[in-house]
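Encoded as structure tokens, the structure appears first; notes follow it.
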Amino acid sequence: MSENKDPHVDQQGHRVEDVKFVYDFTEGNKDLKDLLGGKGANLAEMTNLGLPVPPGFTITTEACKVYLESGTEPAALRDEVSAHLDALEAAMGKKLGQSDDPLLVSVRSGAKFSMPGMMDTVLNIGLSDKSVQGLAKQAGDDRFAWDSYRRLIQMFGKTVLGVDGELFEDALDAAKAAKKVTVDTELEAADLKKLVTKFKKIVKTEAGRDFPQDPREQMDLAIHAVFDSWNTDRAKLYRRQERIPHDLGTAVNVCSMVFGNLGPTETSRGGGTGVAFTRDPASGHQGVYGDYLENAQGEDVVAGIRNTVPLAELEQIDKKSYDQLMQIMETLENHYRDLCDIEFTIERGQLWMLQTRVGKRTAGAAFRIATQLVDQGLIDEAEALTRVTGAQLAQLMFPRFDEDTKVAKVGRGIAASPGAAVGKAVFDSYTAVKWSRSGEKVILVRRETNPDDLDGMIAAEGILTSRGGKTSHAAVVARGMGKTCVCGAEELEVDTKRRRMTVPGGHVVEEGDLISIDGSTGKVYLGEVPVVPSPVVEYFEGRMHPGADDADELVEAVHRMMAFADRKRRLRVRANADNAEDALRARRFGAQGIGLCRTEHMFLGDRRELVERLILADTQDEREESLKALLPLQRKDFVELFEGMDGLPVTVRLLDPPLHEFLPDITELSVRVALAESRQEPHENELRLLQAVHRLHEQNPMLGLRGVRLGLVIPGLFTMQVRAIAEAAAERRAAKGDPRAEIMIPLVGTVQELEIVREEADQVIAEVEEATGTKLKLAIGTMIELPRAALTAGQIAEAAEFFSFGTNDLTQTVWGFSRDDVEASFFTAYLEKGIFGVSPFETIDRDGVGSLVKLAAEAGRATRPGLKLGVCGEHGGDPESVHFFHEVGLDYVSCSPFRIPVARLEAGRAAVTSKGSDHR
-9 MSENKDPHVD QQGHRVEDVK FVYDFTEGNK DLKDLLGGKG ANLAEMTNLG LPVPPGFTIT
51 TEACKVYLES GTEPAALRDE VSAHLDALEA AMGKKLGQSD DPLLVSVRSG AKFSMPGMMD
111 TVLNIGLSDK SVQGLAKQAG DDRFAWDSYR RLIQMFGKTV LGVDGELFED ALDAAKAAKK
171 VTVDTELEAA DLKKLVTKFK KIVKTEAGRD FPQDPREQMD LAIHAVFDSW NTDRAKLYRR
231 QERIPHDLGT AVNVCSMVFG NLGPTETSRG GGTGVAFTRD PASGHQGVYG DYLENAQGED
291 VVAGIRNTVP LAELEQIDKK SYDQLMQIME TLENHYRDLC DIEFTIERGQ LWMLQTRVGK
351 RTAGAAFRIA TQLVDQGLID EAEALTRVTG AQLAQLMFPR FDEDTKVAKV GRGIAASPGA
411 AVGKAVFDSY TAVKWSRSGE KVILVRRETN PDDLDGMIAA EGILTSRGGK TSHAAVVARG
471 MGKTCVCGAE ELEVDTKRRR MTVPGGHVVE EGDLISIDGS TGKVYLGEVP VVPSPVVEYF
531 EGRMHPGADD ADELVEAVHR MMAFADRKRR LRVRANADNA EDALRARRFG AQGIGLCRTE
591 HMFLGDRREL VERLILADTQ DEREESLKAL LPLQRKDFVE LFEGMDGLPV TVRLLDPPLH
651 EFLPDITELS VRVALAESRQ EPHENELRLL QAVHRLHEQN PMLGLRGVRL GLVIPGLFTM
711 QVRAIAEAAA ERRAAKGDPR AEIMIPLVGT VQELEIVREE ADQVIAEVEE ATGTKLKLAI
771 GTMIELPRAA LTAGQIAEAA EFFSFGTNDL TQTVWGFSRD DVEASFFTAY LEKGIFGVSP
831 FETIDRDGVG SLVKLAAEAG RATRPGLKLG VCGEHGGDPE SVHFFHEVGL DYVSCSPFRI
891 PVARLEAGRA AVTSKGSDHR
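In terms of the working numbering, the sequence shown has 867 at position 877, counting the first letter as 1, and numbering is strictly consecutive.
Pasting the structure below:
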């Protein structure tokens, strides 16, 4: 980003006086999301398509960025807004806030990426004590006018003036209680008029000023409030959660109001508002999906305050509007070639489109929709791969509830976002966050959620609400986060003040009681329900075939997407596996070899005693005896591994961790020695172990005697391992197998270390070849996990046939972090403060660690053009990191067996989205 701080110069260095800050809906299109935000760009696109969109204009994200950086709006903005407002007034034939027939507008946020409910909206701007009378007269409906006015004061007071929204809700509840009614729509015009007076008093008391009567002041203050809402805590938290950049800013859409709460007349019926999806966002199935609410306005559906009716019922309520909506939905889906999420209002029989966007969907829906669109000829395989993600595939691999066990089902709501979630019931976001940080798994239970609940939604395992539908705030946000959610479970009586939920039959669920929710079926259970493997995991394990009778369409969709990815990808995918069982599972999951076999895992259990003997050896003979005992055990391990991966490469890392890790804890040993001495018991062995622990103790073991240093300091250790590998390979050759072993030297910092170990290894391999009469092709390479190794990779490549980037240690040494320490101490603070968007141990740090990987890859191949390059850190299974490794030209990634399908999919996606960025 530019370092320019002049508020009159934009990021490209242009004077802001020369920049256009306001676009009419007729001027934009769907490709201008950076400038107009998603909402503005799509309103313009629908206008271009000739769809019924209320006239309006969009203030650009550039104006927002100037405002946020300088604290004031661009000097030219007011005049531009005035010019567009004049044009809007001319088109509508009335002025903003005109006393006898007012033009009313909404002011709504709209960033490039959808952030549902995270930023602000104000409806009915232009109403005042005078214009409310004119609106009532023009509409022929006093109740509608006063209801619209109280909504404006309530929204404006909370959003623009910072008044506590609970004060308005309490006053509204009091008005309903006085009238002895339960829903807002049962309040009459006189009741609402009194409520307006009460609301204005609340504003005066809490905000220290009167509610503004000047309509232009209302609009300008609302525009500034939307700009400011970009930097609210909840918006920043959502962006961190979804990895949305913080410097994009939001656009502001000023749109002429249409009213779903305008009552019927003698010649036309009333209206309503709704949200529609061109396909089911929860399952991906085609059909009529959405929610509709009669006699309602704007945000009522998403807020979930009143329960909606299914969209299909609109056909009986208003067939003409329903038929028109179905045609528009088909037009939009074919135009966007994807699932579309649509907001609409019907005003006395006239359908208006208020928004469309490519809809958020569940993981299962994403895979089903991608394959459906391929079958319909709307997209090709490459495009289909961009419609799904590795993170979504990982969600589909999570376990699901086992309904064959005895369970206590207590309710059922709408299956809003799939998954199986178990946790303790909590009834507010604060408690959800607090308990989650203490290690508790929680389910957030609310009547309905609102944007202020975001931190609790993130902390919870799942979300359960008694109100709202598939398009409520809870449902939309949960689907976007991949969080399990059940909405609209009306039979559950949620009492947030008393922190309890009453289920049918009278049983009370108190805060802290375990409950289970199934976001795939909408079912709610008492207690903890057991889980079983997902069908997708059964497919990868080979226990379910996509064409089988018991295979559902989701498995078929996943199978097809994996086939698309495997055909497109260049990166090969290997597994991190240390035994034959893991190797076989990895192979079932699609691994093309082993990229990391950690031999230290072969020294645990019963073999630990042999390692202790090696460490305690006082003479060369004792050391050789210990190594001789370990050799056949290691050989057997490698034989099993090579057999499981027959015909595929197996990269074996020689012993890496410090030797003290194989010895007992120093405190435990000290206690044992002290007790033995006090009891005058024999303790010679314990004493020798304690002395060895003291001798091997290091202040910083991560940077101490480990890796290649062990092989150089302890004679015979690495050569024993190389001999075991070579003899195992020879044994597999004799059994007509095809072993493809690769020997990897860890923690090399200079080529001289590698040359010495390599010379010894070559000699051992030659001895085994001569003894067995078998020609072995064993590649020898190294891990690049130290900055110096990366910086001198050209030299190291002279002695290495392959590099494998150990990005876990490379990240530690580049950042100067001890992972075990920093993740527990300050990483949370770094993430909250935005220093990290995501942990560098989770996703590759492109600018730092990534730069060294790229440099080493280029230098290594400059020395040895055929140098094989891979990565074996945890980043090898991280979706975003896989794309980076594709771009810098690595040959393979290696990850845990369970993450192999994710890496395969992301490697395919990287191939179709990189557009020639492969740097091989």
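Built from N, CA and C at the ideal position, the CB exists for glycine as well.
| query | result |
| --- | --- |
| Ala581 and Leu375 closer than 9 Å at C-beta | no |
| Nonlocal neighbours in the same chain, by C-beta distance under 7 Å from Val278, ignoring five residues either side | Leu301 and Ala302 |
| Cβ-based neighbour list, Thr764, same chain, cut-off 6 Å, excluding 5 preceding and 5 following | Ala720 and Arg723 |
| Stretch-stretch touch, CB-based, cutoff 8 Å, three pairs: the stretch 583 to 597 with the stretch 620 to 640 | yes |
| Euclidean distance between Cα positions of Asn32 and Thr740 | 56 Å |
| Three-state class that DSSP yields for Ile786 in the structure shown | helix |
| Within 9 Å, strictly: CB atoms of Glu284 and Ile307 | yes |
| Of the residues Phe357, Asn569, Lys473 and Thr486, the one placed nearest Ser456, counting alpha carbons only | Thr486 |
| Whole-angstrom distance between Leu26 and Ala120, CA atom to CA atom | The residue you asked about is not Ala; residue 120 is Lys in the sequence shown. Each residue's Cα considered, the two are about 34 Å apart. |
| Residue span of the beta strand (DSSP E) that contains Asn324, given as start and end | First-last for Asn324: Lys309 to Tyr326, but that is the alpha helix (DSSP H), not the beta strand (DSSP E). |
| Three-state secondary structure assigned by DSSP to Arg358 | helix |
| Environment of Glu(-7) [buried if 16+ CB atoms lie within 10 Å] | Low confidence applies here, because Glu(-7) scores a pLDDT of 40, under 50, leaving its location unreliable; read the following figure in that light. Per the 10 Å Cβ criterion, exposed. |
| Which of helix, strand or coil DSSP assigns to Gln681 | helix |
| Contacts around Val348, its chain only, beta-carbon distance under 8 Å, and the 5 residues preceding and following it disregarded | Tyr326, Asp328, Leu329, Cys330 and Asp331 |
| Within 9 Å, strictly: CB atoms of Val514 and Ser506 | yes |
| Beta-carbon proximity list for Glu333, same chain, < 7 Å, skipping 5 on both sides | Val265, Leu344 and Gln345 |
| Those runs of the beta strand (DSSP E) which lie wholly inside the stretch 758 to 821 and span at least 3 residues | 769 to 774 and 792 to 795 |
| Where Glu732 sits in the DSSP three-state scheme | strand |
| Pair within 9 Å by beta-carbon distance, Gly452 and Ile433 | yes |
| Cβ-based burial, Arg488 [other Cβ within 10 Å; buried from 16] | exposed |
| Rounded straight-line distance, which links the Cα of Ser884 to that of Glu864 | 8 Å |
| Check whether Glu159 and Phe249 have beta carbons under 9 Å apart | no |
| Reduced DSSP secondary structure (H/G/I, E/B, other) of Met343 | strand |
| Residue ranges of each beta strand (DSSP E) within the stretch 1 to 88, 3 or longer | 12 to 14 and 46 to 49 |
| Reference Ile834, options Gly472, Asp21, Gly634 and Asn798, closest by Cα | Asn798 |
| Buried versus exposed, by CB contacts within 10 Å (16 or more), Arg910 | Its pLDDT being 38, under 50, Arg910 is placed unreliably in this model, and the value from its coordinates should be taken loosely. The residue is exposed, with fewer than 16 neighbouring Cβ atoms inside 10 Å. |
| Ranges of the alpha helix (DSSP H) found wholly within the stretch 568 to 656, counting only runs of at least 4 | 570 to 578, 598 to 606 and 610 to 634 |
| Whole alpha helix (DSSP H) elements within the stretch 864 to 896, 4-residue minimum | 869 to 877 |
| Ser668, buried or exposed, once every other Cβ within 10 Å from all chains shown has been counted against 16 | exposed |
| Residue from Gly796, Leu781, Ala756 and Glu760 whose Cα sits closest to the Cα of Gly771 | Gly796 |
| Which listed residue (Asp728, Ala789, Thr803 and Val828) has its alpha carbon closest to that of Lys767 | Asp728 |
| Proximity below 9 Å, CB of Glu717 to CB of Arg625 | yes |
| DSSP state of Met491 mapped onto helix, strand, coil | strand |
| Sheet register partners of Tyr279 (DSSP bridge) | Phe267 |
| Cβ neighbours of Ile774 in the same chain (closer than 6 Å, five flanking residues each side left out) | Ala780, Phe793, Phe795 and Ala846 |
| Ordered list of beta strand (DSSP E) runs contained in the stretch 458 to 483, each at least 3 residues | 474 to 477 |
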